[in-house]
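A.B. asks:
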Amino acid sequence: MNHILDVPGLRLGHATDHERRSGVTTAVFDEPAVAGVAVHGGAPGSRETEALHPSRLGPGVDAICLSGGSAFGLASADGVMTALADHGRGFAIGPHRVPIVPAAVVFDLSGPRADFRALGAASVEAALAAPDMTVGTVGGGCNAMTAGLKGGFGTASMRVGEATVGAMVIANAVGAAVAANGPWFRAAPFEVNGEFGGLTAPAEADFSSVDTKLGAVMRGNTTIAMVATDATMTRGEAHRMAVAAHDGIALAVWPAHTIMDGDTVFAASTGRAPAAASMQETIALHAAATQCLARAIARAVYEATPRPGDRFPTWRERFG
16 MNHILDVPGL RLGHATDHER RSGVTTAVFD EPAVAGVAVH GGAPGSRETE ALHPSRLGPG
76 VDAICLSGGS AFGLASADGV MTALADHGRG FAIGPHRVPI VPAAVVFDLS GPRADFRALG
136 AASVEAALAA PDMTVGTVGG GCNAMTAGLK GGFGTASMRV GEATVGAMVI ANAVGAAVAA
196 NGPWFRAAPF EVNGEFGGLT APAEADFSSV DTKLGAVMRG NTTIAMVATD ATMTRGEAHR
256 MAVAAHDGIA LAVWPAHTIM DGDTVFAAST GRAPAAASMQ ETIALHAAAT QCLARAIARA
316 VYEATPRPGD RFPTWRERFG
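Okay, so the sequence shown: first residue is 16 according to this note's numbering, each after it adds one.
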């Protein structure tokens, strides 16, 4: 499927408010997952990231939430928690169930504020109802923008030995995913089966000029993502996978990890497959996470669709 849903042990749900131009995307795990996180941007908006540090005490995570709405979007995790608790999820504290839901937000505010708590709950119900393969202008990516082009929600996956690795991303970077002088994606060397156009960049493709959306959308930036695998991992190993996956942002977006971005990557293991048996296999998993995230970013831009009030054109509107 070339989707995060290829990873056994998780489900995905989107909730989109096109009228208010924002939304929520949530990965719900069938069983609590081992998770880590790495934050490399200068302006993050997040929740429960400190709880994922390898030295912290705590259970696995029940879901990971990627939301629009700037800091208001962090309320989406409340809705996700409530919905999961209503379904009997979370660790028991007396008569209560407390789901663990790390979350991150992109800065996409451009209209009336959405009800992010309700959108968070709706994203859980969507995840539990049926698989959703939609890519582009949906969920947390419905109002995402990159430099000069509309961004969105993207995903990709690949096999590594007995394991599957997948990525999902909200591409809303201050930098550009394509060359400064044409349609060629920075992530093109990693493309699989023409998933974002199958374009080969000519010699004159300009990948070195710094092209940003500063000025047009001064504070509307951030790339947030989750990479996931069924390979068994410890929390420390998940953290290292999140660190490695950040290279996928740098390979797909230029400039990346700026002071104006909140670049945050979660990593999760559902533990359905054996752990890496060697350092070579571990590095292969990290490389796959990097590659999947780079491809997911390009797919987010390539698959974006136009909506009234967009600040930038989609890739197809601009390049045909």
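Think of the CB as a built atom: it goes at the ideal place given N, C-alpha and C, for glycine as much as any other residue. Nothing here was measured: the structure is a model prediction, and the numbers come from that model.
Leaving out five residues before and five after F327 in sequence, what residues of the same chain have Cβ atoms less than 7 Å from its Cβ?
C.D. replies: The answer, listed in chain order, is M160, G163, L164, K165.
A.B. asks: Based on DSSP bridge pairs, tell me the residues matched to I185.
C.D. replies: According to DSSP, I185 bridges with F168, I239.
A.B. asks: Can you list, in chain order, the residues of its chain with a C-beta nearer than 6 Å to that of T273? Leave out the 5 residues immediately preceding and following it.
C.D. replies: The answer, listed in chain order, is V189.
A.B. asks: Kindly identify the DSSP beta-bridge partner or partners of G38.
C.D. replies: Answer is T31.
A.B. asks: What does the alpha-carbon distance come out to for the pair T97 and F168?
C.D. replies: Taking the straight line joining both Cα atoms gives about 24 Å.
A.B. asks: Would you list, in sequence order, the uninterrupted alpha helix (DSSP H) runs of no fewer than 4 residues that lie entirely inside the segment 115–149?
C.D. replies: Taking only runs of at least 4 residues, the alpha helix (DSSP H) segments lying wholly in the segment 115–149 are 131–144.
A.B. asks: For V120, count neighbouring Cβ atoms within 10 angstroms of its own Cβ and tell me buried if that reaches 16, exposed if not.
C.D. replies: With 16 or more other Cβ atoms within 10 Å, it is buried.
A.B. asks: Tell me which residues share the same chain as R132 and place their Cβ nearer than 7 Å to its Cβ, disregarding the 5 neighbours each side in the sequence.
C.D. replies: Excluding sequence neighbours, R132 sits near A90, S91, D93, G94.
A.B. asks: Taking the beta carbon of P225 as the centre, do at least 16 other beta carbons fall within 10 Å, making it buried, or is it exposed?
C.D. replies: Note that residue 225 corresponds to Val in the displayed sequence, not to Pro. With fewer than 16 Cβ atoms within 10 Å of its Cβ, V225 is classed as exposed.
A.B. asks: So for T305, helix, strand or coil by DSSP?
C.D. replies: Reduced to three states, the DSSP call for T305 is helix.
A.B. asks: Ignore the nearest five residues each way along the sequence and tell me which others in S293's own chain have a CB closer than 6 Å to its CB.
C.D. replies: Hits under 6 Å: none found.
A.B. asks: Identify, in the order they occur along the chain, each residue of the same chain with its Cβ nearer than 8 Å to the Cβ of F205, setting aside the five sequence neighbours on each side.
C.D. replies: Contacts found: L266, Q306, A309, R310.
A.B. asks: Near E296, what residues of its chain come up, given a Cβ to Cβ distance below 8 Å and the 5 sequence neighbours on each side ignored?
C.D. replies: These residues qualify, in order along the chain: V175, G176.
A.B. asks: Within the same chain, show all residues whose beta-carbon is closer than 6 Å to that of A288, passing over the 5 residues directly before and after it, in chain order.
C.D. replies: Taken in chain order, the residues that qualify are E177, A178, D245, A246.
A.B. asks: What span of residues does the beta strand (DSSP E) with F281 cover, start to end?
C.D. replies: From DSSP, the beta strand (DSSP E) with F281 extends over 279–288.
A.B. asks: Using DSSP with H/G/I as helix, E/B as strand and the rest coil, what is G190?
C.D. replies: Coil, per DSSP.
A.B. asks: Can you grab the Cα-Cα spacing for the pair P117 / E219, in whole Å?
C.D. replies: Using only the alpha carbons, I get a separation of about 43 Å.
A.B. asks: For the beta strand (DSSP E) that contains R255, what are its first and last residues?
C.D. replies: Element bounds for R255: not the beta strand (DSSP E) but the alpha helix (DSSP H), 250–267.
A.B. asks: Entirely within the segment 75–102 and at least 3 residues each: give me those beta strand (DSSP E) ranges in chain order.
C.D. replies: Those beta strand (DSSP E) runs which fall completely within the segment 75–102 and span 3+ residues are 76–82.
A.B. asks: Using the rule of at least 16 other Cβ atoms within 10 Å of the residue's Cβ for burial, across every protein chain shown, is R35 buried or exposed?
C.D. replies: So R35 ends up on the buried side.
A.B. asks: Excluding five sequence neighbours on each side, which residues of the same chain lie with their C-beta closer than 7 Å to the C-beta of D262?
C.D. replies: Result list for D262: T305, in chain order.
A.B. asks: Terminal residues of the continuous beta strand (DSSP E) containing F106?
C.D. replies: Start and end: 106–108.
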